[in-house]
Structure formats: structure tokens, C-alpha cells
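Peer 1: If you're matching positions, the sequence shown starts at 75 in the numbering used here and goes up one per residue.
Yeah, the Cβ is synthetic: ideal placement off N, Cα and C, and Gly gets one too.
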Amino acid sequence: MAVQHEPEASIALPGALEPGAIDFVTANEVVQALVRAFELRDYRRGKFAETRDHTERVSHLALGLAGSVAPHLLEDPRFEYGCRLHDIGMLAVSDSVLLKRTALTPAQLDEIREHPLLGERIIASVPGLNDVARQVIGSHHERWDGTGYPRGRRGESIPLPARVFAVADAFDAMTREQPWRAALPAELALEEISRAAGTHFDPTVVGAFLDERHHTMVEAPAPA
Ligand SMILES: [Fe+2]
Numbered sequence: 075m076a077v078q079h080e081p082e083a084s085i086a087l088p089g090a091l092e093p094g095a096i097d098f099v100t101a102n103e104v105v106q107a108l109v110r111a112f113e114l115r116d117y118r119r120g121k122f123a124e125t126r127d128h129t130e131r132v133s134h135l136a137l138g139l140a141g142s143v144a145p146h147l148l149e150d151p152r153f154e155y156g157c158r159l160h161d162i163g164m165l166a167v168s169d170s171v172l173l174k175r176t177a178l179t180p181a182q183l184d185e186i187r188e189h190p191l192l193g194e195r196i197i198a199s200v201p202g203l204n205d206v207a208r209q210v211i212g213s214h215h216e217r218w219d220g221t222g223y224p225r226g227r228r229g230e231s232i233p234l235p236a237r238v239f240a241v242a243d244a245f246d247a248m249t250r251e252q253p254w255r256a257a258l259p260a261e262l263a264l265e266e267i268s269r270a271a272g273t274h275f276d277p278t279v280v281g282a283f284l285d286e287r288h289h290t291m292v293e294a295p296a297p298a
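1. Name the two residues that bound the continuous alpha helix (DSSP H) containing aspartate 184.
2. Only counting the same chain, and skipping five residues up and downstream in sequence, which positions put a Cβ closer than 6 Å to that of glycine 193?
3. Taking the straight line between their C-alpha atoms, what separation do you get for alanine 271 and glycine 222?
4. Comparing alpha-carbon positions, which option in Leu173, Val200, Val167, Leu178 lies nearest proline 190?
5. Can you find the residues in the same chain that come closer than 6 Å, C-beta to C-beta, to arginine 227, ignoring five residues on each side of it along the sequence?
6. Name the residue from Arg237, Glu188, Thr179 whose alpha carbon lies nearest to the alpha carbon of threonine 278.
7. Just checking methionine 248 against ligand 1 - is the residue's beta carbon closer than 8 Å to any of the ligand's heavy atoms?
8. Could you please give the first and the last residue of the uninterrupted alpha helix (DSSP H) stretch that includes serine 142?
9. Can you give the Cα-Cα distance for alanine 177 and proline 253, rounded to whole angstroms?
10. Excluding the 5 residues preceding and the 5 following threonine 125 in the sequence, name in chain order all residues of the same chain whose CB lies nearer than 7 Å to its CB.
11. Residue range of the alpha helix (DSSP H) that aspartate 169 falls in?
12. Give me the residue from Val132, Gly202, Thr249 with the minimum Cα distance to valine 104.
13. Only counting the same chain, and skipping five residues up and downstream in sequence, which positions put a Cβ closer than 7 Å to that of alanine 242?
14. For proline 190, verify whether its CB is less than 8 Å away from any heavy atom of ligand 1.
15. May I ask you to report which of helix, strand or coil DSSP gives phenylalanine 98?
16. Are there 16 or more other CB atoms within 10 angstroms of the CB of histidine 288, so buried, or fewer, so exposed?
17. Confirm the yes/no value for this check: CB of histidine 214, any heavy atom of ligand 1, distance under 8 Å.
18. Taking the alpha helix (DSSP H) that valine 210 belongs to, which residues open and close that run?
19. Note down, one range per segment and in chain order, each alpha helix (DSSP H) of at least 4 residues found wholly within the region 192-277.
20. Hey, would you say arginine 152 sits closer than 9 Å to alanine 207, going by beta carbons?
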């Protein structure tokens with residue numbers, strides 16, 4: 075069969091670079107493009123808003139928590155980049171696994187569990203995303219007791235940015251509706267997180283999160 079080639083572009087795009095021109099793309103622009111790609115992957119599945127809202131919510135939660143337990147992270151934009159791109163490795167997980175509605179086989183579970191490493195590989199060529207962003211992306215599923223993935227790191231050998239993000243991510247996951255269960259009320263989700271301090275989560279980070287969430291809920295009572 076003859077190979078079909080794309081027709082050559084005949085219209086110059088506004089802002090397009092002249093051949094040979096050099097452009098310097100900032101890390102922030104790379105993050106925006108990758109976040110957009112991640113959201114649009116879910117566009118035809120009708121989950122565009124859900125994916126976008128999760129990214130916004132979990133980033134907001136993680137930044138608020140960092141303000142309590144690790145304020146230096148707020149001065150480093152790479153922490154927010156890592157939060158926004160935490161699951162970018164899911165781009166390289168196959169649809170047959172991501173969209174499966176029945177229980178995953180062990181091999182499929184292994185594929186899902188590769189997403190932190192795949193995410194590290196996706197951002198590896200962007201110097202502005204090294205260190206802190208890579209730590210969130212690569213270690214956000216590690217557990218304090220060493221039973222997490224992908225590397226089975228334990229305790230403080232898990233980078234602090236990832237320990238902070240993991241608590242925010244769990245709270246967001248529990249308090250939003252999932253196809254297999256209703257959303258948990260915030261108070262119940264906080265109880266679950268509290269129970270997992272010292273096993274799943276860094277107990278110091280959990281303590282700061284409980285304090286911060288309780289303050290937030292007291293200051294913003296539910297609408298009448
Ligand atoms: Fe993840």
C-alpha cells in the first residue's frame with residue numbers, strides 16, 4: 075500500500091519560528107502544555123472537566139499543606155509544577171488498562187504502577203522540572219512504611235515534596251465521587267488519613283494537614 079504523506083502546510087502560523095530561529099521555552103510553558111495534553115486525553119471520554127478539576131484541587135490542597143509543614147516549597151515553583159504533573163506518566167499507560175471497569179490482572183496493576191517512573195521519563199529532558207518536580211512525580215505513591223511503589227522507599231528517604239503531596243492527593247481522592255463509590259464527607263476522609271499516619275503517610279505531615287483542614291472547615295462553614 076502506498077504511504078500517504080501529510081500535505082505540506084501552506085499557511086504560516088502566527089508566531090511561527092523562522093527556520094533556524096532559536097526559542098527558549100520556559101518550564102512554566104512546558105508544564106502548561108503537558109497539563110493541557112493530559113486534560114485533552116480525557117476530552118473524548120467526557121472526563122475533561124473531572125481531570126482538570128482534580129489537578130486544580132489537589133495542587134491547591136498540596137500548596138496549602140506545604141505552607142504549614144514545608145514553607146520553603148512555596149518559594150520553589152517546581153513544587154507546584156510537580157503537583158500539576160503528578161500523574162503525567164498515565165499518558166503512557168494503555169487505554170485497555172486505564173478504562174477497564176473490572177478488576178485488573180497483576181500484570182495490568184504492574185503497568186499502572188509504572189506511571190511514576192514513566193512520568194519521570196516524560197519530564198527528564200526539561201531542566202526546570204528536575205529535583206522537586208521530579209520528586210513529586212516519581213515518589214507520590216511511596217508509603218511511609220516502605221510498602222508503596224515504584225521503589226519501595228521508606229520514611230524520610232521519601233522526598234518531602236512527595237510526602238506532602240501524597241496526603242493532599244489521598245484527601246482529594248477520598249472526597250470526590252468515584253465510579254465505584256460515593257464521595258466521602260471531609261470529616262470521614264480526615265479520620266481515614268489520621269488512621270494511616272505512620273503507615274501510609276508521614277505522621278508529621280498528617281498532623282499539619284489535620285490542623286490546617288480543621289481550621290479551613292471552621293472558617294468556611296457549610297452553606298445554610
Ligand atoms: Fe499517581
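Peer 2: The relevant details are as follows:
1. 180-186
2. Ile162, Gly163, Ile211
3. If you draw a straight line from the Cα of alanine 271 to the Cα of glycine 222, it comes to about 14 Å.
4. Val167
5. So the qualifying residues of the chain are Glu216.
6. Arg237
7. no
8. Residues 122-143.
9. Rounded to the nearest whole angstrom, the CA to CA distance from alanine 177 to proline 253 is 13 Å.
10. Phe112, Glu113, Asp116
11. DSSP places aspartate 169 in the uninterrupted alpha helix (DSSP H) bounded by 169-172.
12. Gly202
13. Val132, Leu135, Ala136, Leu139
14. yes
15. coil
16. exposed
17. In this structure, histidine 214 has its beta carbon less than 8 Å from a heavy atom of ligand 1.
18. 206-213
19. Here the runs fully enclosed are 206-213, 234-249, 260-269.
20. yes
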